[in-house]
Amino acid sequence: MRKVVVGIDIGGTNTAFGIVDSEGIIYGTDKLSTVIYPDVDNFMNELCGRINNLLGALPFIYELVGVGVGAPNANFYKGTIEDAPNLPWKGIVPFVEKFQGYFSNVPVYMTNDAKAAALGEMIYGAAKGMRNFIVITLGTGLGSGFVVDGHLMLEHDSIAGELGHVTINPNGRICGCGRRGCLETYASATGIKRTVFKLLADHTADSEFRKLSYNQLTAEMITKSALNGDPLAIEAYEYTGRVLGSALANAVTITDPEAIFLFGGLARAGKYILEPTKRYMEASLMSNFRGKVKILLSSVDGMNAAILGASALVWHHKEASS
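Printed below as a string of structure tokens:
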């Protein structure tokens with residue numbers, strides 16, 4: 092009998108889910124729109140129905156050992172999604188409690204997507220065997236997951252390690268959280284768009300970006316232009332790496348990781364994000380740490396990583412309790 096788990100990644104636009112074994116083999120995936128379900132109970136009913144369809148289609152006898160959920164603003168200890176700005180359900184949603192009404196015979200674990208990504212890297216990816224590392228997710232915002240001595244850092248209210256909301260400039264860019272100068276306003280998909288428009292204002296050189304409005308420009312366009320050698324796109328990544336690298340130097344000082352993994356859309360720029368980030372991090376580090384911390388691209392990014400990360404929650408806690 093093969094043991095499997097369900098991994099669920101709840102996003103602001105879509106929710107992806109799949110059936111995964113302990114080796115990271117995915118036996119079936121599906122997704123549904125998150126935004127068309129303003130009522131979480133209707134969403135839950137559809138989601139659980141589709142999960143049962145996937146389980147019913149497995150070509151082998153299985154044992155379902157748990158469900159892992161990655162979601163914005165998720166509280167691991169309470170099993171709740173709390174005031175998530177990008178989800179249609181407002182306030183505090185008792186997600187795990189509701190989910191257990193459909194799957195009452197197995198444990199259900201939930202954490203935020205960046206922490207799930209860190210577990211995915213540890214269970215399935217290049218962090219396997221590492222006990223101290225950081226995963227940085229460079230998506231719409233900047234998420235982070237810290238693993239310290241082999242344990243995912245959750246702490247008092249399960250929201251420890253929110254590096255994206257460390258203030259790097261008290262008079263800087265306004266953040267969606269309501270404060271100014273958070274790291275994610277500079278190092279994220281939206282952050283690099285803001286950087287490009289700042290560079291356009293400060294320079295007079297021709298650029299393909301001058302033909303685009305802010306809403307038309309995407310981080311993918313900036314990445315593609317950098318890979319094609321566009322000077323302004325490369326400069327935007329240089330600036331992003333400077334800000335990110337300096338912030339990571341502070342994180343290194345606190346947690347002393349073996350490696351830092353970059354994950355998500357901006358990481359696909361490869362050397363254009365890796366090289367400046369590494370350079371500025373090294374320049375900002377105490378001498379004790381220099382040359383000791385690797386900055387690497389995630390090895391699971393792009394291969395149903397969100398589903399793998401959510402599923403890793405179950406395997407991680409199963410191993411910890413055995």
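Going by the numbering used here, the final residue of the sequence shown carries number 413, and the count climbs one at a time with no gaps.
Just so it is clear, CB atoms sit at the ideal spot from N, CA and C, and this is done for glycine as well.
Endpoints, beta strand (DSSP E) assigned at Tyr193: Within the sequence shown, residue 193 is the residue found at index 102, counting from 1. First-last for Tyr193: undefined, no H or E at that position.
Inter-residue CB distance, Ala342 and Ile225 (contact presumed, cutoff 8 Å): In the sequence shown, the residue the question calls residue 342 occupies position 251. In the sequence shown, the residue the question calls residue 225 occupies position 134. Their Cβ separation, rounded to whole angstroms, is 6 Å, which keeps Ala342 and Ile225 in contact under 8 Å.
Nearest-angstrom Cβ-Cβ length linking Ala205 and Val238, presumed shorter than 8 Å: What you label residue 205 is simply residue 114 of the sequence shown in a count that begins at 1. What you label residue 238 is simply residue 147 of the sequence shown in a count that begins at 1. Not quite, the Cβ-Cβ distance comes to about 12 Å (not below 8 Å), so this is no contact.
Cβ separation of Ile117 and Asn395, assumed to be a contact under 8 Å, to the nearest whole Å: The residue given as residue 117 occupies position 26 in the sequence shown. The residue given as residue 395 occupies position 304 in the sequence shown. So it is a contact: roughly 6 Å between Cβ atoms.
CB contact below 9 Å: Arg370 versus chain C: Looking at the structure shown, chain C is missing, and only one protein chain is on hand.
Presumed contact (8 Å Cβ cut-off) between Thr286 and Thr331, rounded CB distance: Here the question's residue 286 lines up with position 195 in the sequence shown. Here the question's residue 331 lines up with position 240 in the sequence shown. Right, their Cβ atoms sit about 6 Å apart.
Three or more C-beta pairs below 8 Å linking the region 164-177 and the region 105-115: no
Contact under 9 Å by Cβ, Asn223 with Pro348: Translated into the one-based positions of the sequence shown, residue 223 becomes position 132. Translated into the one-based positions of the sequence shown, residue 348 becomes position 257. Yes.
Glu253 versus Ala107: straight-line alpha-carbon distance, rounded: Locating residue 253 in the sequence shown gives position 162, counting from the first residue. Locating residue 107 in the sequence shown gives position 16, counting from the first residue. Glu253 and Ala107 have their C-alpha atoms spaced approximately 24 Å apart.
Backbone secondary structure at Gly98 - three-state DSSP: Locating residue 98 in the sequence shown gives position 7, where the first residue counts as 1. Here Gly98 sits in strand by DSSP.
Among Val334, Asp130 and Lys94, nearest to Lys369 - alpha-carbon criterion: Within the sequence shown, numbered from 1, the residue matching residue 369 stands at position 278. Ranking Val334, Asp130 and Lys94 by Cα distance to Lys369 puts Val334 first.
Same chain, Cβ closer than 6 Å to Thr314, neighbours up to 5 away in sequence not counted: The residue you call residue 314 lines up with position 223 of the sequence shown. Arg359 and Ala360.
Residues that DSSP places opposite Leu254 in a beta bridge: Locating residue 254 in the sequence shown gives position 163, where the first residue counts as 1. Answer is none; Leu254 lacks a bridge partner.
Three-state secondary structure (DSSP) of Lys385: Taking the sequence shown and counting its residues from 1, the one referred to as residue 385 is at position 294. Strand.
Runs of alpha helix (DSSP H) wholly within the region 161-216 (minimum 4 residues, chain order): 186-191 and 204-215
Exposure label - His407; buried when at least 16 CB within 10 Å: Counting from 1 along the sequence shown, the entry for residue 407 is found at position 316. Result: buried.
Opposing strand residues paired with Tyr153 [DSSP bridges]: As a working note, residue 153 is residue 62 in the sequence shown. Per DSSP, Arg93.
Glu299 versus Ala324, Ser389, Ala278 and Gln191, residue with shortest Cα-Cα distance: Here residue 299 refers to the residue found at position 208 of the sequence shown. Checking every option, the nearest Cα to that of Glu299 belongs to Ala324.
Whole-number beta carbon distance between Leu149 and Ile110, since they are thought to touch under 8 Å: Against the sequence shown, residue 110 aligns to sequence position 19. Against the sequence shown, residue 149 aligns to sequence position 58. The C-beta distance from Ile110 to Leu149 rounds to 7 Å, short enough to meet the 8 Å contact threshold.
Continuous alpha helix (DSSP H) stretch holding Ile127: start and end: On the sequence shown, residue 127 is found 36 positions in, with the first residue counted as 1. Run containing Ile127: none; DSSP gives neither H nor E here.
Simplified DSSP assignment, three categories, for Val334: On the sequence shown, residue 334 is found 243 positions in, with the first residue counted as 1. Helix, per DSSP.
Stretch pair the region 153-164 + the region 396-404: three plus CB contacts closer than 8 Å: Output reads yes: the region 396-404 touches the region 153-164.
With 16 other Cβ atoms within 10 Å as the buried cut-off, status of Ser304: By 1-based counting over the sequence shown, the position of residue 304 is 213. With fewer than 16 other Cβ atoms within 10 Å, it is exposed.
Classification of Thr104 by the beta-carbon crowding that lies within 10 angstroms, buried from 16 upward: Sequence index remark: in the sequence shown, residue 104 carries index 13 (1-based). Burial call: exposed.
Simplified DSSP assignment, three categories, for Cys266: On the sequence shown, residue 266 is found 175 positions in, with the first residue counted as 1. Cys266 falls in the coil class under three-state DSSP.
For Leu274, the first and last residue of its enclosing beta strand (DSSP E): Here the question's residue 274 lines up with position 183 in the sequence shown. Looking at the DSSP string, Leu274 is not in any beta strand (DSSP E), and its letter there is neither H nor E.
Reduced DSSP category for Ser235 - H, G, I as helix; E, B as strand; rest coil: Position 144 of the sequence shown holds residue 235. Ser235: strand per DSSP, three-state reduction.
Whole-number beta carbon distance between Leu233 and Ala278, since they are thought to touch under 8 Å: Here residue 278 refers to the residue found at position 187 of the sequence shown. Here residue 233 refers to the residue found at position 142 of the sequence shown. Between Leu233 and Ala278 the Cβ distance is about 5 Å, and since that is below 8 Å, they are a contact.
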